[in-house]
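6 protein chains.
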Amino acid sequence: MNEPIIRQHRQPNQIRPITITPNYLPHAEGSVLIECGNTRVICTASVEENVPGFLRGQGLGWVTAEYGMLPRSTGSRMRREAAAGKQSGRTQEIQRLIGRSLRAVVDRSKLGERQILIDCDVITADGGTRTASITGAFVALQLAINGLIKQGLIAENPITEQVAAVSVGVVNGVALLDLDYPEDSGCDSDVNVVMTASGKIVEVQGTAEGATFSIDELNTLLKLAEHGIKELLDHQQHALQSQAA
Amino acid sequence: MNEPIIRQHRQPNQIRPITITPNYLPHAEGSVLIECGNTRVICTASVEENVPGFLRGQGLGWVTAEYGMLPRSTGSRMRREAAAGKQSGRTQEIQRLIGRSLRAVVDRSKLGERQILIDCDVITADGGTRTASITGAFVALQLAINGLIKQGLIAENPITEQVAAVSVGVVNGVALLDLDYPEDSGCDSDVNVVMTASGKIVEVQGTAEGATFSIDELNTLLKLAEHGIKELLDHQQHALQSQAA
Amino acid sequence: MNEPIIRQHRQPNQIRPITITPNYLPHAEGSVLIECGNTRVICTASVEENVPGFLRGQGLGWVTAEYGMLPRSTGSRMRREAAAGKQSGRTQEIQRLIGRSLRAVVDRSKLGERQILIDCDVITADGGTRTASITGAFVALQLAINGLIKQGLIAENPITEQVAAVSVGVVNGVALLDLDYPEDSGCDSDVNVVMTASGKIVEVQGTAEGATFSIDELNTLLKLAEHGIKELLDHQQHALQSQAA
Amino acid sequence: MNEPIIRQHRQPNQIRPITITPNYLPHAEGSVLIECGNTRVICTASVEENVPGFLRGQGLGWVTAEYGMLPRSTGSRMRREAAAGKQSGRTQEIQRLIGRSLRAVVDRSKLGERQILIDCDVITADGGTRTASITGAFVALQLAINGLIKQGLIAENPITEQVAAVSVGVVNGVALLDLDYPEDSGCDSDVNVVMTASGKIVEVQGTAEGATFSIDELNTLLKLAEHGIKELLDHQQHALQSQAA
Amino acid sequence: MNEPIIRQHRQPNQIRPITITPNYLPHAEGSVLIECGNTRVICTASVEENVPGFLRGQGLGWVTAEYGMLPRSTGSRMRREAAAGKQSGRTQEIQRLIGRSLRAVVDRSKLGERQILIDCDVITADGGTRTASITGAFVALQLAINGLIKQGLIAENPITEQVAAVSVGVVNGVALLDLDYPEDSGCDSDVNVVMTASGKIVEVQGTAEGATFSIDELNTLLKLAEHGIKELLDHQQHALQSQAA
Amino acid sequence: MNEPIIRQHRQPNQIRPITITPNYLPHAEGSVLIECGNTRVICTASVEENVPGFLRGQGLGWVTAEYGMLPRSTGSRMRREAAAGKQSGRTQEIQRLIGRSLRAVVDRSKLGERQILIDCDVITADGGTRTASITGAFVALQLAINGLIKQGLIAENPITEQVAAVSVGVVNGVALLDLDYPEDSGCDSDVNVVMTASGKIVEVQGTAEGATFSIDELNTLLKLAEHGIKELLDHQQHALQSQAA
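Chain order of the listed sequences is S, Z, A, V, H and D. Quick note on numbering: the first sequence equals residues 1 to 245 in the UniProt record's numbering. Quick note on numbering: the second sequence equals residues 1 to 245 in the UniProt record's numbering. Quick note on numbering: the third sequence equals residues 1 to 245 in the UniProt record's numbering. Quick note on numbering: the fourth sequence equals residues 1 to 245 in the UniProt record's numbering. Quick note on numbering: the fifth sequence equals residues 1 to 245 in the UniProt record's numbering. Quick note on numbering: the sixth sequence equals residues 1 to 245 in the UniProt record's numbering.
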């Protein structure tokens with residue numbers, strides 16, 4: 001952390017190479033492998049024909065998410081949460097964020113009384129696993145919903161618009177888009193932005209444990225995020241269109 | 001949720017009545033009862049002369065937080081987390097937020113190898129418990145540190161500046177400061193802002209499960225939050241000065 | 001513990017100053033803050049319109065209790081049970097005692113098939129938290145039942161008589177009423193007595209890990225307890241009458 | 001429970017047939033099978049050459065206890081606590097009682113810095129399992145200590161006197177000694193008494209969920225208990241003497 | 001482990017002395033105490049008039065098993081699983097094996113929609129606790145089923161044939177039947193065989209953590225097991241016939 | 001299950017197409033993706049420079065394994081074990097089997113006092129996940145050990161010979177090699193065989209919940225397994241040689 005981190009192979013406003021492989025797993029109603037640089041996440045969407053108790057009888061659907069990391073997705077092995085007997089605070093924070101982000105673009109009355117469970121499992125981690133999870137999970141969710149429409153189970157697409165996410169942060173005084181792990185660790189401030197195709201914010205989570213930031217600096221970072229998210233939305237589109245024919 | 005919520009006894013840019021009672025508990029090194037309208041939280045700061053394993057031998061201190069709610073702090077009784085055998089995702093999310101917010105204004109090298117444990121326990125909840133916790137916990141932390149200075153255990157105040165927090169949100173199209181529980185539940189979007197005395201953002205967490213918001217709208221909310229936080233910082237000052245003589 | 005403990009500001013047969021603040025919390029059907037010297041406990045009674053499975057269909061109600069301590073209610077911070085993932089043996093022992101004590105004065109057939117959940121949360125602890133909990137919980141229970149009667153949900157008061165509790169013990173050979181924490185720690189023997197307004201024993205729990213006691217000594221302690229409980233019953237009466245008008 | 005329970009094959013002041021089989025298990029340092037009527041409990045004492053952290057370096061020993069029931073010790077199968085993932089409140093209450101009862105007759109400075117772990121496992125339950133556990137555990141403890149003395153590990157017997165336990169209660173208005181399960185279930189009030197050979201009380205736990213009792217009635221029950229405990233002490237003596245030769 | 005282990009009081013193809021005491025516990029529908037040398041296990045069969053959710057409405061019964069060890073069944077005290085809060089991997093492996101072994105000889109359609117829960121609790125352990133559990137559990141199961149037939153609850157015996165189990169292994173190059181604990185610990189390879197009266201294998205689990213074995217060696221061990229199991233089947237017969245009159 | 005299962009695209013003695021991709025993950029000391037037909041498992045080997053407490057100071061290494069399945073590796077979504085708060089009995093059984101299988105071919109004195117943790121995470125499941133895990137984990141283990149040798153941390157290869165695993169079973173009376181999920185579910189009997197390059201058995205686990213099998217039938221199945229394992233050993237060789245240059 002002592003050496004100043006200087007991004008060498010990307011421009012500050014450039015996202016990492018993205019690959020979204022749709023229908024990556026054979027069993028799930030929707031699934032993708034999303035790769036953002038060296039971060040790789042498998043996202044699946046599973047349809048269940050029931051809703052949690054608190055929603056029963058209201059004609060509304062539900063979307064919720066779980067998140068996990070393979071023990072050796074990281075540089076040193078992490079303890080397996082199933083063996084530890086509980087999910088960490090970080091895991092819970094992330095899976096709640098994914099769930100809220102997707103529900104923001106779903107018209108739950110059009111989904112009917114069914115639940116879509118999103119699973120995001122990190123295969124390798126190099127920063128930005130929560131934002132990659134949201135970006136990939138949106139595609140898995142749309143694929144699962146396409147299946148429901150094809151089967152005639154739902155009449156109309158309940159998804160109101162696309163949603164994607166990216167991190168932005170200030171590293172050594174420079175505003176950077178789409179932080180990788182060394183950048184994130186050496187970061188002064190770090191903001192995760194979840195945004196829709198129409199440029200509306202769904203979630204913004206800015207943390208400045210290292211160095212606080214002004215409202216102006218936040219606006220600079222949000223613009224950078226908006227720029228990156230546009231590209232991510234294109235990648236989502238391409239992945240979905242490749243399956244549509 | 002059907003009736004439009006119209007704030008009646010406060011201006012949209014007005015915070016609720018605040019009372020901060022310092023040294024509320026006899027045993028803790030620092031403690032306050034903070035009351036924001038009908039939300040009441042006991043915040044304590046406990047000093048321990050050791051640090052977590054990952055920090056040992058580095059000459060750095062640590063500040064961390066735990067959060068809880070009395071089962072009957074809410075309108076219908078919540079299950080006691082100790083009986084359930086685990087803390088909910090929401091609890092973990094909140095206590096991580098409190099910890100990060102306070103660490104952002106602490107120079108951990110001046111604290112020495114000791115740990116300050118913050119406990120925020122909600123006695124009654126009427127919205128804004130996490131922001132009230134941060135605002136109150138700052139005072140408890142400063143009181144505990146004052147004690148360490150008085151005892152000659154630390155030479156210099158490790159606190160770099162004051163920090164406080166407030167929620168802002170759009171309800172029925174109107175931007176409101178310091179949401180109470182009915183407003184929060186009926187809210188289109190909800191942003192928690194943690195800010196320092198110098199107007200720098202420590203954390204911003206905006207959620208728009210109901211209705212997304214634009215960057216411009218976020219800026220309006222941030223300005224409103226800044227205004228409210230100034231008042232909260234004054235209340236912190238008064239509480240601390242009342243103990244200083 | 002080496003210095004002999006001599007009670008200085010109270011007579012051996014004198015209880016600590018008592019304050020019972022009824023309706024302390026806005027949401028609970030019944031609630032009090034009880035203060036016995038420096039011991040402060042929030043007691044609430046929550047009404048639920050169902051009973052545990054083993055009682056269903058029998059026309060009988062149920063009363064049960066949970067107990068907790070704020071982490072910094074004590075001189076050195078206790079680990080939060082919700083974080084530890086389980087309630088200690090001591091906690092379970094105490095909450096079972098509170099539940100039994102209250103059920104002893106409730107005619108469960110008059111309560112109907114509903115459950116009253118008692119929560120006792122210790123804000124500051126200076127000895128006698130379990131007996132203060134019982135004394136305070138009785139008032140919270142009666143307040144909740146008064147509400148049920150006022151709403152016409154139950155026809156007749158199911159409470160058969162008042163119940164309160166106090167500790168007694170031998171310290172340095174002297175029988176003392178209502179032990180505070182230093183007395184309790186330095187105690188040869190320690191008896192908790194739960195007694196009704198008619199002078200009947202509901203629970204007696206005597207422990208002599210330090211020094212065993214004879215049947216005669218037990219009788220001396222029971223007389224002392226009876227004397228203290230009479231005063232506690234008066235305090236309960238006053239608190240209830242203040243709400244009755 | 002509707003039929004009045006009338007004790008038929010025993011006098012009200014008569015304990016059930018007792019058998020104590022010493023050295024029942026081959027591996028434990030001390031062990032007994034105690035049978036009180038149809039209640040059968042295996043009690044073992046295991047010596048460990050260390051003490052819990054809070055006692056280290058003080059030259060004091062420790063005695064603690066655990067309690068369990070075989071799933072089919074009871075009329076209908078109980079859930080296995082190991083499968084449930086936690087010990088019930090009742091189990092914890094009982095094992096804490098057993099531990100305190102034994103520590104009351106051990107001079108821990110003579111035991112040296114070692115720990116004796118008592119295990120009481122109920123094979124069949126017909127009332128009075130906690131009192132049978134204490135009565136049996138005392139013999140297992142003495143056997144383990146005899147072994148330590150024989151090996152020269154401790155110089156002097158740390159046991160100050162014998163201890164045993166019995167239940168007494170009022171059933172249909174009649175004071176009965178040593179309640180079996182039907183009596184205990186039909187009981188108006190129920191008192192467990194732990195007493196030493198010199199007639200001193202170690203623990204008294206009286207519960208009157210059904211019908212409260214006066215101080216006079218308690219004294220009647222204590223006398224009955226004292227009478228039963230004398231017999232139990234004799235059985236302990238015989239069991240120990242049979243191994244002494 | 002350094003001294004070669006030489007079996008002294010038994011022939012290599014000789015099982016340990018077996019005693020099966022039927023109806024050992026008063027409450028269970030079926031129960032035995034099985035003693036194989038110094039290994040003693042209480043096996044019970046409890047009948048429940050329901051089946052797990054996944055079987056409901058299919059007209060099929062279920063047989064499942066749980067396994068436990070008393071803390072002091074072993075040379076040094078094992079931690080109580082109920083206190084540890086979970087069953088070890090070994091425990092789960094064994095109880096799954098017992099369940100599968102018994103289900104293999106039960107025609108579940110003849111059992112009707114009811115469940116038989118087997119509990120195997122080890123009182124003293126000297127090797128072979130899982131095979132003794134299976135051998136004993138079969139008798140407990142048959143006793144419980146006999147009761148169901150006697151009550152007219154099932155028409156036909158659902159048990160298709162007897163099943164028993166034994167361990168075999170190579171110790172210092174010699175194939176041994178029915179290993180005790182020292183033999184098992186010093187063992188090159190260890191095979192548990194579950195076999196029916198008609199000589200069919202139900203389960204074979206061979207482990208060679210120490211020294212691998214060839215297919216020929218496995219066959220030698222299987223023959224040895226077959227020989228031992230015949231004797232165990234006789235013991236089961238005698239135990240059952242003693243109860244049949 | 002009603003339709004007879006007839007293997008169509010493979011001979012009964014033919015394994016599924018195998019692909020082993022070495023160094024599949026960037027961070028682990030050793031890793032592979034193993035694909036056996038539609039079963040895909042990521043196996044990693046992580047080196048830690050310490051051993052579990054029970055091995056400290058003996059100069060011996062340790063190899064242990066953990067196993068998990070992605071929630072949507074299966075046809076219907078499985079509950080995430082981290083969310084459930086515990087690993088199932090099946091998971092524990094499998095990870096113990098993987099650990100024993102690998103330790104059988106490791107000379108732990110040559111490994112030194114270090115531990116290799118194997119993680120096997122199933123991405124998609126179509127039968128044989130435990131045997132694929134063992135076959136893949138062996139390669140990951142060898143890759144990690146090659147790294148230790150290259151770094152000069154160990155002098156000599158501690159692996160004594162290759163080990164691989166396959167399942168065999170009788171389906172509709174036909175002995176089949178390498179069962180896929182429909183075959184496994186419709187199976188009369190199912191045997192997992194772990195075998196070394198020299199043809200020695202490390203583990204054999206045969207289960208006949210459906211239909212028991214004779215010793216002769218077991219021998220037929222073992223021969224079939226031996227045949228399949230030879231091919232698996234070749235695949236392991238090729239994967240390792242591709243990395244050796």
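Virtual Cβ for every residue (Gly too), placed ideally from N, Cα, C.
Nearest-angstrom beta carbon gap, residue j and residue i [assumed within contact, 8 Å]
i       : j       : result
V105(H) : I159(H) : 6 Å
I118(H) : T207(H) : Going by Cβ atoms, the distance from I118(H) to T207(H) rounds to 24 Å, so no, they are not a contact pair.
A45(Z)  : I116(Z) : 5 Å
Min CB distance residue i to chain S below 8 Å
i       : result
D107(Z) : no
G228(Z) : no
G89(Z)  : yes
Nearest residue (CA-CA) to residue i, options the options
i       : options                         : result
A82(S)  : W62(D), T74(D), S46(D), D121(D) : D121(D)
S198(H) : L224(D), T212(D), V139(D)       : T212(D)
L111(D) : W62(D), R40(D), K230(D)         : W62(D)
G128(V) : A244(V), I94(V), L143(V)        : I94(V)
P12(V)  : S242(V), I201(V), T220(V)       : T220(V)
T19(A)  : H9(A), N157(A), A244(A), R40(A) : R40(A)
Short CB-CB distance (under 8 Å) between residue i and chain A
i       : result
M1(V)   : Legend: pLDDT at M1(V) = 39, less than 50; position of this residue unreliable, no value from coordinates given.
R114(Z) : no
I42(Z)  : yes
Partner residues on chain V for residue i, Cβ-Cβ distance less than 8 Å
i       : result
L222(A) : I215, L218
Chain Z within 8 Å of residue i, Cβ atoms only
i       : result
N38(A)  : yes
Q92(S)  : yes
A239(A) : no
R80(S)  : no
E66(A)  : yes
Residues that residue i contacts on chain D, provided the C-beta gap is smaller than 8 Å
i       : result
A208(H) : A104, K200, I201, V202, E203
S31(S)  : R72
Under 7 Å from the C-beta of residue i: neighbouring residues of chain Z
i      : result
P26(A) : N38, T124
Where residue i meets chain A, residues with beta-carbon distance less than 7 Å
i       : result
D121(Z) : L70
Minimum Cβ-Cβ distance from residue i to chain V less than 8 Å
i       : result
L117(H) : yes
CB contact check: residue i to chain H, cutoff 8 Å
i      : result
G53(D) : no
P22(V) : no
Chain-ordered neighbours of residue i on chain S, where CB pairs are closer than 7 Å
i      : result
K86(Z) : K86
Within chain V, partners of residue i - CB distance below 7 Å
i       : result
T212(A) : A104, T196, K200, I201, V202
R77(H)  : S46, L117
is_contact[residue i, chain D] using C-beta, thresh 8 Å
i      : result
A83(S) : yes
Partners in chain V for residue i, counting only beta-carbon separations shorter than 9 Å
i       : result
T100(A) : This sequence places Arg at residue 100(A); Thr is not what is there. Per Cβ cutoff of 9 Å: T207, A208, E209.
> What beta strand (DSSP E) runs, 3 residues minimum, are completely inside the region 71–142 of chain D?
Replying inline: Fully enclosed beta strand (DSSP E) runs of 3 or longer: 115–124.
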